[in-house]
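These notes concern the structure reproduced below.
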Amino acid sequence: MPRHLRLRVEELMAVHLSPPAAPVDEPLLLDPEDVWDTIWFTRWRNDGSSQTIGCREVIVAPAHELAEFRAHLAELAGTFRFHASV
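Under UniProt numbering, think of the first position of the sequence shown as 1, with each following residue one higher.
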């Protein structure tokens with residue numbers, strides 16, 4: 001998807017998906033390398049050749065929240081002509 005839409009997708013996630021529990025009570029105590037493997041961190045990948053980004057992650061949420069997020073993401077993808085699936 002176009003890079004400029006990253007914040008829009010993260011906003012959709014924040015609005016339509018319940019926040020997952022933090023892996024520890026004190027997130028600041030995490031090893032900096034561990035943050036890349038936590039379920040609450042969206043790891044975006046840059047594609048420098050096409051000026052786009054993408055992500056692939058497991059989202060744990062109730063079915064109704066996934067449906068809402070999927071619908072809004074599909075609308076965004078249709079508007080800006082990129083592929084998205086949930």
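Where a beta carbon is used, it is the ideal one built from N, C-alpha and C, also for glycine.
Would you say the beta carbon of residue i comes nearer than 6 Å to a heavy atom of the ligand COA?
i: residue 54; result: The ligand content of the structure shown is nil, which means the ligand COA is not present either.
Reducing DSSP to helix, strand and coil, say where residue i ends up.
i: residue 52; result: strand
i: residue 81; result: coil
i: residue 43; result: coil
i: residue 35; result: A caution first: residue 35 carries a pLDDT of 48, below 50, which makes its placement in the model unreliable, though a value can still be read off. Residue 35: helix per DSSP, three-state reduction.
i: residue 17; result: coil
i: residue 123; result: Here the chain comprises residues numbered 1 to 86, so residue 123 is not present and cannot be evaluated.
Out of the options, which has the shortest C-alpha to C-alpha gap to residue i?
i: residue 7; options: 85, 81, 78, 73; result: 73
i: residue 50; options: 82, 16, 17; result: 82
i: residue 70; options: 59, 60, 86; result: 86
Can you find the residues in the same chain that come closer than 8 Å, C-beta to C-beta, to residue i, ignoring five residues on each side of it along the sequence?
i: residue 47; result: 53, 54
i: residue 80; result: 1, 2, 5
i: residue 42; result: 10, 13, 55, 57
Looking at the strands, I want to know which residues DSSP matches up with residue i.
i: residue 2; result: 52
Which residues in the same chain have their Cβ closer than 6 Å to the Cβ of residue i, if we skip the five residues on either side of it in sequence?
i: residue 84; result: 73, 77
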